[in-house]
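Step one of this worksheet: look at the structure below.
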Amino acid sequence: MSFQPVKFYQTGTLTVGNRLLAPDERSVQANQMRSNSINSGHRACQGCGEALGARYAIDAAMAESNGQLIAVNATGCLEVFSTPYPESSWQVPWIHSLFGNAPAVATGVMAAMKVKGKTEVRVVAQGGDGGTTDIGFGCLSGMFERNDDVLYICYDNEAYMNTGVQRSSATPPAARTATTMPVGAEPGNVFGQGKNVPEIAMAHNIPYVATATVADLRDLEFKVRKAMRMHGARYIQVFVPCPLGWGTASHDTIRMARLAKETGMFPVFEAEHGEVISVLKIRHRLPVEDYLQPQKRFAHLFGKHAHPETVARIQAIADRNIRKYGLLSEESS
Amino acid sequence: MLKQTEGSKAVAEAIALCRPEVICAYPISPQTHIVEALGEMVKSGELMPCEFINVESEFAAMSVAIGASAAGARSYTATASQGLLFMVEAVYNASGLGLPIVMTVANRAIGAPINIWNDHSDSLSQRDSGWMQLFAETNQEAVDLHIQAFRLAEELSMPIMVCMDGFILTHAFERVDIPSQEQVDAYLPPFDPRQVLDPAEPVSIGAMVGPEAFMEVKYLAHAKQMQALELIPQLSAEFKKVFGRDSGGLVRTYCADDAETMIVAMGSVLGTIKDTVDEMRAEGHKIGVLGIVSYRPFPLAEVRAALMNCKRFIVLEKSLAVGMGGIVATDVRMAVTGTGLKGFTAIAGLGGRPIPKASLHKLFRQAEKEELPPVTFLDLDWDAVNKQLERERQNRHSGPIAENILHDKGIVSAKFG
Ligand SMILES: Cc1ncc(C[n+]2csc(CCOP(=O)(O)OP(=O)(O)O)c2C)c(N)n1
Ligand code: SF4
Ligand SMILES: [Mg+2]
């Protein structure tokens, strides 16, 4: 079931059909000359949000850098599903070193380009939420603090997917993972923990921090292209649903991402030098149940042994996000 | 040019002469003076083009070096002890990817108990990491080995550690001949990488490899070190032609020709050993020395050849394989397999414990008479050890070991001269 009936000639949205746009306004993916940085044939699960997000992000970065791009990858699903021969899908110079060092490796690549005078070559580092918010956090903060000329993209699927869905510091409260099982007094991941890395990135006063979701791919492309026009340390966290880890239908990946945004669970915004400069407003405000209920990782909150008070606590988080980032507009209904 | 200078400063100057393009460093004693000097050279513009990156950890230092090297830049870092351990995952990664990074290890003990002084536990813990390891005996050799190291690493596309004793070498002022830029340029061509991240020719580096190819990749790392066994003597010979000095090579012998007792060691302690041997020779003892320069690859054949004609040997090492004995000794014994040679191990100098000539005299004389146990702990304070063992027998809650020992010993700083 799709989120809403397809409407042609939508206004006030970035999802307008490419055919209606001037060629230079069309999406990177709509262009037949796009770089196809990640070829088809990789091993990602059907409906993998990370594969989709990475494809859009890296192609956009390629377009903005005129193909002068080097990508650094942390260990994780993206690296594992895209490299085993004969399914290696990278059409850009690409290096994977370790789980926790992608930002530092990217700094090294950047330094090499600088010393060789190849300033046209740009560097993107990427990793999952675990690689970013947990094990790679020291290197990430170091790269931010030095304001190294690297765009870091975190594909946030809210857990360690590659090792079988364990909790990370990006896992939301109440979510079931293999290490936060829905048992005991407070089933699933506990409340009051976790790290908001976009905000921590902002605290480094780096030139650009943004969040995006795979529901708004034009927005993602826009932010990556904008980030690529800037220099210094830049950070984009892309919300990428994981059908396998979340227990959602493969065809619901975009819908789940949209629901996360529309409920206020995942605020989508841009910040420059530590100040929020824009937010993607909620179009139709929805209760968090709409987002939680289709996901098996939250199944214990509903049904026979429902936990309405836990759902209310999650709603409070969404409400706080909405207040804090001003996610409602006149149009939000 | 001859200079009276600090070991670290001399090494920094040698590194600069090698035209490194990316230097990353995180401070740890006794490595600090090397990277401080390099940082200043980069900042002042004396060393250019070069990027000097102040990273947030040793793990990041090695990771930056990995990225820079994979992108085709000559990359250098330095560390020691806890710093080396902190970067271990990246150390293995650099060699696994075949990146010719050069790293100075200012050898220092590993805690706990935390200790800043010299022994070889740090780099020896990385013996199986796929990195080559060369050990300098003097500051001159440290300078020379670094220049050879870049050649060797880049020729084989494999990383290398140049190990120099912390404080004993790094902080010692002595006369060092610093080569000229022309000499170094004649010896060390610009870095021409085997693999490089380049948008013009995209490659994937560090892809996932399964059982179908993993063993081959690992074997090739071994094969490269076997090639290094041939290359190291060649590079040392070539070095002599350009710089007019014998430096490097796989092993070095001293008074070995007619020696019945051979002392095997690595690093700066070879100086004290040679002095002791000189004195014993003067008294008619048939004793000689084998210094191992290349610890990885380990020159089995050269070690065997050097020991073939003696009657017994003693490996004196600044490292301990806890639960086993010697680390270097194990390799040396492997080299002499089947010869029936009598071998002893002496663990000495851990955590900077001095290795005075008087103790060596005693040790070597006992070795000559074959009166040593298989493993000797040189100058170990048995009273302190036994007291603590007794304490543990008496009291289940005997408390922290190091604190107990320190308490028993009282104020000891004056005891070691
Ligand atoms: C040092 C280290 N610790 C643990 C692992 C195991 N590991 C590999 S991928 C992974 C999970 C990755 O999670 P995340 O970064 O969120 O990426 P995802 O797979 O979810 O896209 C883990 C724990 C590792 N490779 N290296
Ligand atoms: S487990 Fe999740 S993140 Fe990994 S490939 Fe499958 S859908 Fe993508
Ligand atoms: Mg994840």
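As given, the protein sequences belong to chains A and B, one line each in that order.
So the first sequence is residues 2 to 334, counted in the working numbering.
So the second sequence is residues 206 to 622, counted in the working numbering.
Glycine included, each C-beta is placed from N, C-alpha and C at the ideal position.
Proximal residues of chain A, C-beta to C-beta of residue i below 7 Å
i: residue 255 of chain B; result: 116
i: residue 165 of chain B; result: Residue 165 of chain B is absent from the model: chain B starts at 206 and stops at 622.
i: residue 403 of chain B; result: 94
i: residue 271 of chain B; result: 98, 106, 109
i: residue 260 of chain B; result: 105, 143
i: residue 553 of chain B; result: Here the premise fails: no neighbours, minimum Cβ distance about 36 Å.
i: residue 362 of chain B; result: Here the premise fails: no neighbours, minimum Cβ distance about 15 Å.
i: residue 249 of chain B; result: Correct list: empty, because the minimum Cβ distance to chain A is about 16 Å.
i: residue 213 of chain B; result: Chain A residues near residue 213 of chain B: none, gap ~23 Å exceeds 7 Å.
beta-carbon residue i near ligand 3 non-hydrogen atom, thresh 6 Å
i: residue 160 of chain A; result: yes
i: residue 129 of chain A; result: yes
Cβ-heavy atom distance, residue i to ligand 1, below 6 Å
i: residue 397 of chain B; result: no
i: residue 259 of chain B; result: no
i: residue 78 of chain A; result: yes
i: residue 600 of chain B; result: no
i: residue 134 of chain A; result: no
i: residue 291 of chain B; result: no
i: residue 100 of chain A; result: yes
i: residue 164 of chain A; result: yes
Contact set between residue i and chain A, taken where Cβ atoms lie within less than 8 Å
i: residue 396 of chain B; result: Simply none; closest approach about 10 Å.
i: residue 295 of chain B; result: 98, 99, 102
i: residue 277 of chain B; result: 113, 117
i: residue 334 of chain B; result: Neighbours of residue 334 of chain B on chain A: none; closest Cβ ~14 Å, over 8 Å.
i: residue 564 of chain B; result: Here the premise fails: no neighbours, minimum Cβ distance about 43 Å.
Beta-carbon neighbours of residue i, restricted to chain B and to distances below 7 Å
i: residue 89 of chain A; result: 409, 412
i: residue 79 of chain A; result: Correct list: empty, because the minimum Cβ distance to chain B is about 11 Å.
Any non-hydrogen atom of ligand 2 closer than 6 Å to residue i Cβ
i: residue 53 of chain A; result: no
i: residue 245 of chain A; result: yes
i: residue 216 of chain A; result: no
i: residue 45 of chain A; result: yes
i: residue 82 of chain A; result: yes
i: residue 255 of chain B; result: no
i: residue 140 of chain A; result: no
i: residue 49 of chain A; result: yes
Proximal residues of chain A, C-beta to C-beta of residue i below 9 Å
i: residue 189 of chain B; result: This structure gives no information on residue 189 of chain B, because the portion of chain B shown stretches from 206 to 622.
i: residue 264 of chain B; result: 99, 101, 102, 105, 139, 140
i: residue 330 of chain B; result: Residues of chain A passing the Cβ test: none, with the nearest at roughly 19 Å.
Under 9 Å from the C-beta of residue i: neighbouring residues of chain B
i: residue 86 of chain A; result: 412, 413, 414, 415, 417, 418
i: residue 125 of chain A; result: What residue 125 of chain A touches in chain B: nothing, since even the nearest Cβ is about 12 Å away.
Partner residues on chain B for residue i, Cβ-Cβ distance less than 8 Å
i: residue 340 of chain A; result: The requested residue 340 of chain A does not occur in the structure, where chain A is confined to residues 2 to 334.
Residue i: CB within 6 Å of a non-hydrogen atom of ligand 5
i: residue 337 of chain B; result: The ligand content of the structure shown is limited to ligand 1, ligand 2 and ligand 3, which means ligand 5 is not among them.
**Prompt:** Taking contact to mean at least 3 C-beta pairs separated by less than 8 Å, is the stretch 315 to 329 of chain B in contact with the stretch 561 to 577 of chain B?
**Reply:** No: the two stretches stay apart, fewer than three of their Cβ pairs being nearer than 8 Å.
**Request:** Evaluate the contact criterion for the stretch 270 to 281 of chain B versus the stretch 297 to 310 of chain B: three or more CB pairs, one atom per stretch, below 8 Å.
**Result:** The stretch 270 to 281 of chain B vs the stretch 297 to 310 of chain B: in contact.
**Request:** Scan the stretch 128 to 141 of chain A for residues whose Cβ lies nearer than 8 Å to a Cβ of chain B and list them as they occur along the chain.
**Result:** Listed by position, the residues of the stretch 128 to 141 of chain A near chain B (Cβ gap below 8 Å) are 139, 140.
**Request:** Pair every Cβ in the stretch 229 to 237 of chain A with every Cβ in the stretch 286 to 298 of chain A, then say whether three or more of these pairs are closer than 8 Å.
**Result:** No, they do not touch.
**Message:** Quick check on the DSSP output: what are the complete alpha helix (DSSP H) runs of length 4 or more inside the stretch 223 to 303 of chain B, in order along the chain?
**Reply:** Runs of the alpha helix (DSSP H) inside the stretch 223 to 303 of chain B: 237 to 249, 263 to 275, 286 to 291, 293 to 301.
**Request:** Please specify which runs of the alpha helix (DSSP H), each continuous and at least 4 residues long, are wholly inside the stretch 218 to 304 of chain A, giving them in chain order.
**Result:** The stretch 218 to 304 of chain A is shown to contain whole alpha helix (DSSP H) runs of 4 or more residues at 218 to 230, 244 to 247, 254 to 264, 289 to 293, in chain order.
**Request:** Please specify which runs of the alpha helix (DSSP H), each continuous and at least 4 residues long, are wholly inside the stretch 122 to 207 of chain A, giving them in chain order.
**Result:** Counting only runs of 4 or more, we get 138 to 146, 198 to 204.
**Message:** Please give the ranges of any beta strand (DSSP E) in the stretch 376 to 426 of chain B, keeping only runs that are unbroken, at least 3 residues long and fully inside the region.
**Reply:** Qualifying beta strand (DSSP E) stretches, in chain order: 378 to 382.
**Asked** Along the stretch 232 to 256 of chain A, what residues have a CB closer than 8 Å to any CB found in chain B?
**Response** None of the residues of the stretch 232 to 256 of chain A has a beta carbon lying less than 8 Å from any beta carbon of chain B.
**Prompt:** Got a sec: which bits of the stretch 61 to 76 of chain A sit with their beta carbon under 7 Å from any beta carbon on chain B, in order along the chain?
**Reply:** Only 68, 69, 70, 71, 73 from the stretch 61 to 76 of chain A bring a Cβ to less than 7 Å from some Cβ of chain B.
**At least three beta-carbon pairs within less than 8 Å, the stretch 155 to 172 of chain A to the stretch 49 to 59 of chain A** = With a cut-off of 8 Å, the stretch 49 to 59 of chain A and the stretch 155 to 172 of chain A count as touching, because enough Cβ pairs lie within range.
**Request:** Specify whether the stretch 566 to 585 of chain B and the stretch 509 to 523 of chain B touch according to this definition: at least 3 beta carbon pairs, one from each stretch, less than 8 Å apart.
**Result:** Contact annotation: the stretch 566 to 585 of chain B touches the stretch 509 to 523 of chain B, with at least three C-beta pairs closer than 8 Å.
**Asked** Does the stretch 443 to 456 of chain B come close enough to the stretch 134 to 142 of chain A to have 3 or more Cβ pairs within less than 8 Å?
**Response** At 8 Å Cβ cutoff, the stretches do not touch.
**Message:** Pairs of beta-carbons, one from the stretch 230 to 239 of chain B and one from the stretch 71 to 86 of chain A, closer than 8 Å: are there three or more?
**Reply:** Short answer: they don't touch.
**Prompt:** Can you give, in chain order, each stretch of the alpha helix (DSSP H) that sits fully within the stretch 423 to 502 of chain B and has at least 4 residues?
**Reply:** DSSP runs (the alpha helix (DSSP H)) wholly in the stretch 423 to 502 of chain B: 474 to 487.
**Request:** Write down every uninterrupted run of the alpha helix (DSSP H) in the stretch 547 to 579 of chain B whose length is 4 residues or greater and which is fully enclosed by it, in chain order.
**Result:** Whole alpha helix (DSSP H) segments, 4+ residues: 562 to 573.
**Message:** Give me the subset of the stretch 584 to 605 of chain B whose CB atoms are less than 7 Å from a CB atom of chain A, sorted by chain position.
**Reply:** Answer set for the stretch 584 to 605 of chain B: empty.
**Message:** Against chain A, which members of the stretch 445 to 457 of chain B pass a CB distance test of less than 7 Å?
**Reply:** If the cut-off is 7 Å between Cβ atoms, the stretch 445 to 457 of chain B has nothing near chain A.
**Three or more C-beta pairs below 8 Å linking the stretch 348 to 356 of chain B and the stretch 476 to 485 of chain B** = The answer is no - the stretch 476 to 485 of chain B does not touch the stretch 348 to 356 of chain B, with fewer than three Cβ pairs under 8 Å.
**Request:** Check each residue of the stretch 514 to 539 of chain B: if its Cβ is closer than 7 Å to any Cβ of chain A, include it; give the result in chain order.
**Result:** Along the stretch 514 to 539 of chain B, there is no position whose C-beta sits under 7 Å from a C-beta of chain A.
**Asked** Three or more beta-carbon pairs under 8 Å between the stretch 201 to 212 of chain A and the stretch 256 to 276 of chain A, yes or no?
**Response** In short, these stretches touch, since the Cβ pair count reaches three.
**Asked** Are three or more beta carbon pairs between the stretch 462 to 470 of chain B and the stretch 510 to 519 of chain B nearer than 8 Å?
**Response** Contact holds: three or more Cβ-Cβ distances are below 8 Å.
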